[in-house]
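Q: Below: one structure in structure tokens.
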Amino acid sequence: MVITKTKIWAIAGGKGGVGKSFVSLNVAVDLAQKGYKVALIDCDFGGANLHTFLRITQTSLSLSDFLYSSSINLDDFLLPTYIPKLFLATGIFDSWGVTGLPRLQQDKLIKAIKMLNVDYVVIDLGAGTYASTLDLFLCADEWILISSPEPTSMENMYRFLKSAFYRKLKHVIPNVEVRSFLEKIMSVRSEDNPSTPNELVKKIIQISDQAGEILKYELNNFCPKLVLNQIRSNQDIQIGFSICQACLKYFGITVDYIGFISYHKDILQSIRVRESVLTYAPSSQVNEYIRRITQNVRNNFHLIPA
Numbered sequence: 040m041v042i043t044k045t046k047i048w049a050i051a052g053g054k055g056g057v058g059k060s061f062v063s064l065n066v067a068v069d070l071a072q073k074g075y076k077v078a079l080i081d082c083d084f085g086g087a088n089l090h091t092f093l094r095i096t097q098t099s100l101s102l103s104d105f106l107y108s109s110s111i112n113l114d115d116f117l118l119p120t121y122i123p124k125l126f127l128a129t130g131i132f133d134s135w136g137v138t139g140l141p142r143l144q145q146d147k148l149i150k151a152i153k154m155l156n157v158d159y160v161v162i163d164l165g166a167g168t169y170a171s172t173l174d175l176f177l178c179a180d181e182w183i184l185i186s187s188p189e190p191t192s193m194e195n196m197y198r199f200l201k202s203a204f205y206r207k208l209k210h211v212i213p214n215v216e217v218r219s220f221l222e223k224i225m226s227v228r229s230e231d232n233p234s235t236p237n238e239l240v241k242k243i244i245q246i247s248d249q250a251g252e253i254l255k256y257e258l259n260n261f262c263p264k265l266v267l268n269q270i271r272s273n274q275d276i277q278i279g280f281s282i283c284q285a286c287l288k289y290f291g292i293t294v295d296y297i298g299f300i301s302y303h304k305d306i307l308q309s310i311r312v313r314e315s316v317l318t319y320a321p322s323s324q325v326n327e328y329i330r331r332i333t334q335n336v337r338n339n340f341h342l343i344p345a
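So this is what it looks like as structure tokens:
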């Protein structure tokens, strides 16, 4: 099995409690069980807990140690787990969970993640739209959004998606006036702010035609993937397609619906005993949902409405 470069998957959602860590853990386990070398990075700043699910009770090394050290080799800070080929960079246990990482530490971490000597990196991101969370999300090759069918979860997912796209534009548009405009609408709420990327295109074209063309290009190439968690009915499953349609209609952003995970007792029990559901209940139906999601990301597949 040959992989030309490390593949980075970032898993986010904007709201806590929707299952980002659950999906991150089990997707990483599935990749490792397929024979790939995987680094799972716990970037839920202030709320890191993946180590407890991987039987690592004493975190002798963490991302905090890496960020405070002079080393630029993150491989040295990866801890082996009880699952062959799966390694963990345990999370940060300090006040950065409130505000996100300082820029210098953020850039160091992103650079180090891209240099990891593994087949896949899975980044578990915390809730919120801090600049460091958005930049870690955007550094990935695959952007995976987790939501539940609940209205508040979907609303926060939309907010995260919009913030990530605006953040991406700040990085790629060189026009100083446009960058200043983006900074303003991201930091100051106003009724005059464009409510959708489509409206943003019109505003930016008024400032710079070239920047407007860059924005159109980025819209066409910004394609996150959606996973719905805690599904309880066929109607809940269909909500995923509705979310994708809404993102395209109102945001102009294509979102691929790559899978769902049904509410199941095996999930609750695996969380209670602090273990991946793939290893706790190998024959569970839940595992098929996880494997389908992993496969769809790897093959760039998505669900199609029946």
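Sequential numbering from 40 applies to the sequence shown in my numbering. Positions of the beta carbon are idealized from the N, C-alpha and C atoms, including for glycine.
By the 10 Å Cβ neighbour count, where 16 or more other Cβ atoms means buried, how is Ile111 classified, buried or exposed?
A: The residue is exposed, with fewer than 16 neighbouring Cβ atoms inside 10 Å.
Q: Given that a residue counts as buried once 16 or more other Cβ atoms are within 10 Å of its Cβ, and exposed if not, what is Pro119?
A: Exposed.
Q: Once the 5 residues before and after Ile270 are set aside, which same chain residues still bring their CB inside 7 Å of it?
A: For Ile270, where only same-chain residues beyond five positions count, the Cβ hits under 7 Å are Pro188, Ile276, Phe299, Ile300, Ser301, Tyr302.
Q: Measuring straight from C-alpha to C-alpha, what distance separates Ile42 and Asn338?
A: Its pLDDT being 49, under 50, Ile42 is placed unreliably by the model, and nothing is read from it.
Q: On a Cα-Cα basis, can you pick out the residue from Lys242, Gly58, Leu70, Ile149 that is closest to Leu102?
A: Among Lys242, Gly58, Leu70, Ile149, the Cα nearest to that of Leu102 belongs to Ile149.
Q: Within this structure, are the beta carbons of Gly82 and Gly52 separated by less than 8 Å?
A: A small correction: the amino acid at residue 82 is Cys; Gly does not occupy that position in the sequence shown. Not closer than 8 Å, so no.
Q: Quick check: the Cα distance between Met40 and Ile343, rounded to an integer number of angstroms?
A: Reliability fails at Met40, whose pLDDT of 48 lies under 50, so the model's placement of it is uncertain and the value that follows must be treated cautiously. The straight-line gap from Cα to Cα measures roughly 29 Å.
Q: In chain order, what residues of the same chain have a beta carbon less than 8 Å from the beta carbon of Asn368, not counting five sequence neighbours either side?
A: In this structure the chain extends from 40 to 345, so residue 368 is not present and cannot be described.
Q: Going along the chain, which residues of its own chain have a beta-carbon closer than 7 Å to the beta-carbon of Leu173, five neighbours each way excluded?
A: Excluding residues within five positions, the ones whose Cβ falls inside 7 Å are Ser202, Ala203, Arg206.
Q: My output table needs one value for Asp83: the three-state DSSP class, helix, strand or coil.
A: Coil, per DSSP.
Q: Quick check on this structure: which residue in Ile183, Phe92, Asp248, Ile329 has the alpha carbon closest to the alpha carbon of Phe261?
A: Looking at the Cα atoms, Ile183 is the closest of the given residues.
Q: Looking only at its own chain, which residues have a Cβ that is under 7 Å from the Cβ of Glu257, when we skip the five neighbours before and after it?
A: Excluding positions up to five away in sequence, the list reads Lys207, Leu208, Val211.
Q: Answer with buried or exposed for Asn326, where buried requires no fewer than 16 other C-beta atoms within 10 angstroms of its C-beta.
A: Looking at its Cβ environment, which holds 16 or more other Cβ atoms inside 10 Å, Asn326 is buried.
Q: So, with DSSP's three-state summary, where would you put Ile270?
A: Strand at Ile270.
Q: Would you mind giving the Cβ-Cβ distance between Leu127 and Leu117, rounded to the nearest angstrom? I have them listed as a contact below 8 Å.
A: Indeed they touch by this definition, with Cβ atoms about 7 Å apart.
Q: Considering Cα atoms alone, identify which of Asp104, Trp48, Lys147 is closest to Glu181.
A: Taking only the C-alpha atoms, the option nearest Glu181 is Trp48.
Q: Can the beta-carbon of Ile50 be found less than 8 Å from the beta-carbon of Val62?
A: Going by C-beta atoms, Ile50 is nearer than 8 Å to Val62.
Q: Where does Val227 fall in DSSP's three states?
A: The answer is coil: DSSP assigns Val227 none of H, G, I, E or B.
Q: Quick check on this structure: which residue in Arg198, Ile253, Ile310 has the alpha carbon closest to the alpha carbon of Pro213?
A: Nearest of Arg198, Ile253, Ile310 to Pro213, Cα basis: Ile253.
Q: DSSP three-state call for Gly52: helix, strand or coil?
A: Residue state, collapsed to three classes: coil.
Q: Who are Tyr205's beta bridge partners in DSSP?
A: Paired residue(s): none; Tyr205 is not in a bridge.
Q: Could you tell me the distance, in whole angstroms, from the CA atom of Cys32 to the CA atom of Ser108?
A: What the structure shows of the chain is the stretch from 40 to 345, and residue 32 is not part of that stretch, so it cannot be assessed.
Q: Would you mind stating whether Ile243 and Val217 have Cβ atoms separated by less than 8 Å?
A: Yes, these two residues count as a Cβ contact at 8 Å.
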